[in-house]
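Asks: Have a look at this one before I ask anything.
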Amino acid sequence: MQPIYRFKQTETIKMNCQKVVISQQLEEELTSAIAACEHDRTFILADETTARKCVPLVSDYNCLHGAQLITIGATDTHKTLDSLVHVWEALGEGKATRHSLLINIGGGMVTDLGGFAASTFKRGINYINIPTTLLAMVDASVGGKTGINFKGLKNEIGVFSNANTVILATQFLKTLDTENILSGYAEMLKHGLISSDRMWAELLNFDVEQPDFTQLQRMVAESVGVKQQIVTEDPTEQGIRKALNLGHTAGHAFESLALRRQPVLHGYAVAWGLVCELYLSSLKAGFPTDKMHQTIGFIKEHYGKMDITCDDYPQLLELMTHDKKNVAGVINFTLLGDIGNILINQTATKNEILEALDFYREC
Ligand SMILES: NC(=O)c1ccc[n+]([C@@H]2O[C@H](COP(=O)([O-])OP(=O)(O)OC[C@H]3O[C@@H](n4cnc5c(N)ncnc54)[C@H](O)[C@@H]3O)[C@@H](O)[C@H]2O)c1
Ligand SMILES: [Zn+2]
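Per the numbering used here: the sequence shown = residues -7 to 355.
Following this line, the structure appears as structure tokens:
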């Protein structure tokens, strides 16, 4: 029998020592998060964009009085050793000690790199994440994975290390472009699919391109709750954390293929990956076809499609075979028997994968 995991929502929103706060009064919450960390000096890490668009929303808070701003280049191309060295140097020059505090204000690039910088500086200082992209709110800033890209490999160097507190405040999203909103929304869709019909239906009915930020704040809270619950059960991805890989086996292949042509945002590739993996789910695990078609309709409307032909199949298969999640060259998928009914460690034959790619092109 294949392992089937049925997602059950719980009330908890605290994992290990990482507290996730759904913000209502950002200044108060940040003040208490800072007070909860014993500290001498405070540093803020931002990228060039979040330094302009997000840091000003908090810079006059009393709790940040005297905080020193460290800025790195924006986007994933700067999640590098050079940027990391720059952060370590700036901490050193700013006289940071083992008792200093780093506050990461930015998307997943800043929270990944900042978390790693904090976890390694003087063997580890406290840090707080204030994610400012939807992707970072529902995914990157929680769960303790930190790191940088190295030698052309994504997230090659890093450690598991939790932020002391993560504060989710959707007011930052008002300056974020629609493509980046959609990118994060694909992970929310994934969280809906692995958890409940209700969450999934709300996601499909929400106007993501003209978001109501109050409703979005609640949906973000629920969505991050899904990730937290799974990560709490399996922090190091031995089992059920693989549920979070839904859409990512095919998704990473699309993302890597796009890198050779016209790079796409991660969430777009995940959305396209979901199309293939829902098809495999219906083929191999009986995922209901009506729910598959509804989800795919939403994805097609908002994410469009990456233009692929059968000439791309060998490359896509090759990329899936070399995905780092695989063991012994067998392509590993997370599939669904229904919404919230998760099957990890699934495999598919080459022909089934080709069929899924045909379906993706034709749907
Ligand atoms: N640690 C994890 O578990 C995990 C999970 C998923 C992704 N990630 C990592 O996250 C990164 C991607 O995160 P991302 O999508 O947030 O990308 P990002 O951090 O590069 O942000 C995308 C762009 O949006 C800008 N931006 C951020 N907040 C803004 C705001 N409020 N208004 C206007 N512009 C804003 C940034 O400056 C950047 O140009 C990747 O490095 C990926 O590897 C990590
Ligand atoms: Zn992802």
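For glycine and all other residues, C-beta sits at the position ideal for the given N, C-alpha and C. This structure is a prediction, so every number in the text was calculated from the model and none was measured.
At the level of alpha carbons, what is the spacing between A261 and L309?
Replies: Indexing the sequence shown from 1 puts residue 261 at position 269. Indexing the sequence shown from 1 puts residue 309 at position 317. Their Cα atoms are separated by approximately 15 Å.
Asks: Within its chain, find whatever has a CB closer than 6 Å to the CB of K11; leave out the 5 residues flanking it on each side and keep chain order.
Replies: For the purposes of this step, residue 11 is taken as the residue at position 19 of the sequence shown. These residues qualify, in order along the chain: T157.
Asks: By Cβ distance below 6 Å, which residues in the same chain neighbour C268 in space, the five residues on each side in sequence not counted?
Replies: As a first step, residue 268 must be located in the sequence shown, where it is residue number 276. Counting only Cβ-Cβ distances below 6 Å, and skipping sequence neighbours, we find A242, A348 and Y352.
Asks: DSSP state of N343, grouped into three classes?
Replies: To locate residue 343, count along the sequence shown from 1; it is residue 351. Three-state result, N343: helix.
Asks: Excluding the 5 residues preceding and the 5 following I95 in the sequence, name in chain order all residues of the same chain whose CB lies nearer than 6 Å to its CB.
Replies: As a working mapping, residue 95 is identified with position 103 in the sequence shown. Counting only Cβ-Cβ distances below 6 Å, and skipping sequence neighbours, we find I36 and I120.
Asks: Would you give the residue range spanned by the alpha helix (DSSP H) that E148 belongs to?
Replies: Here residue 148 refers to the residue found at position 156 when the sequence shown is read from its first residue. From DSSP, E148 is part of no alpha helix (DSSP H) but of the beta strand (DSSP E) over L145 to F152.
Asks: According to DSSP, is N324 part of a helix, a strand, or is it coil?
Replies: Counting from 1 along the sequence shown, the entry for residue 324 is found at position 332. The answer is coil: DSSP assigns N324 none of H, G, I, E or B.
Asks: Going residue by residue through the region 189 to 249, where are the continuous alpha helix (DSSP H) segments of at least 4 residues, counting only ones entirely within it?
Replies: Runs found: 189 to 197 and 205 to 225.
Asks: Is any non-hydrogen atom of ligand 1 found closer than 8 Å to the C-beta of A128, if you look at the structure I gave you?
Replies: Here residue 128 refers to the residue found at position 136 of the sequence shown. Yes - ligand 1 has a heavy atom lying nearer than 8 Å to the Cβ of A128.
Asks: Cβ-heavy atom distance between N172 and ligand 1 below 8 Å?
Replies: The count along the sequence shown starts at 1 and reaches residue 172 at position 180. Checking every heavy atom of ligand 1 against the Cβ of N172, one is found closer than 8 Å.
Asks: Just how far apart, CA to CA, sit E30 and I323?
Replies: Your numbering for residue 30 matches position 38 in the sequence shown. Your numbering for residue 323 matches position 331 in the sequence shown. Whole-angstrom Cα-Cα distance: 46 Å.
Asks: Would R210 be called buried (16 or more neighbouring beta carbons within 10 Å of its own) or exposed?
Replies: Here residue 210 corresponds to residue number 218 of the sequence shown, with the count starting at 1. Label assigned to R210: exposed.
Asks: Pull up the distance between the alpha-carbon of Q202 and that of I173, whole angstroms please.
Replies: For the purposes of this step, residue 202 is taken as the residue at position 210 of the sequence shown. For the purposes of this step, residue 173 is taken as the residue at position 181 of the sequence shown. Answer to the nearest angstrom: the Cα atoms are 10 Å apart.
Asks: What ranges does the beta strand (DSSP E) occupy inside the region 53 to 116, keeping only unbroken runs of at least 3 residues that lie completely in it?
Replies: List check, beta strand (DSSP E) in window: 60 to 64 and 93 to 98.
Asks: Residue range of the beta strand (DSSP E) that F35 falls in?
Replies: If you number the sequence shown from 1, residue 35 lands on position 43. Residues T34 to D39.
Asks: Count the other C-beta atoms from every protein chain shown that fall within 10 angstroms of the C-beta of P123, then say buried if there are 16 or more, exposed otherwise.
Replies: Residue 123 sits at position 131 when you count from the first residue of the sequence shown. P123 comes out buried.
Asks: Under 8 Å: does the beta carbon of G259 sit that close to some heavy atom of ligand 2?
Replies: Indexing the sequence shown from 1 puts residue 259 at position 267. Yes; taking the cut-off as 8 Å, the Cβ of G259 has a heavy atom of ligand 2 nearer than that.
Asks: Cβ-heavy atom distance between F164 and ligand 1 below 8 Å?
Replies: Walking along the sequence shown from the start, residue 164 turns up at place 172. Because some heavy atom of ligand 1 lies under 8 Å away, the Cβ of F164 counts as near it: yes.
Asks: Alpha carbon to alpha carbon, how far is T34 from A109?
Replies: Taking the sequence shown and counting its residues from 1, the one referred to as residue 34 is at position 42. Taking the sequence shown and counting its residues from 1, the one referred to as residue 109 is at position 117. If you take the alpha carbons of T34 and A109, they lie about 14 Å apart.
Asks: May I ask you to report which of helix, strand or coil DSSP gives D303?
Replies: Here residue 303 refers to the residue found at position 311 of the sequence shown. D303 falls in the helix class under three-state DSSP.
Asks: Is the CB-CB distance between I159 and L335 below 9 Å?
Replies: Taking the sequence shown and counting its residues from 1, the one referred to as residue 159 is at position 167. Taking the sequence shown and counting its residues from 1, the one referred to as residue 335 is at position 343. No, Cβ-Cβ distance for I159 and L335 is not below 9 Å.
Asks: So, T67 versus T103, is the Cβ gap smaller than 9 Å?
Replies: Position 75 of the sequence shown, counting from 1, holds the residue named residue 67. Position 111 of the sequence shown, counting from 1, holds the residue named residue 103. Against a cut-off of 9 Å, the Cβ pair of T103 and T67 comes out as no contact.
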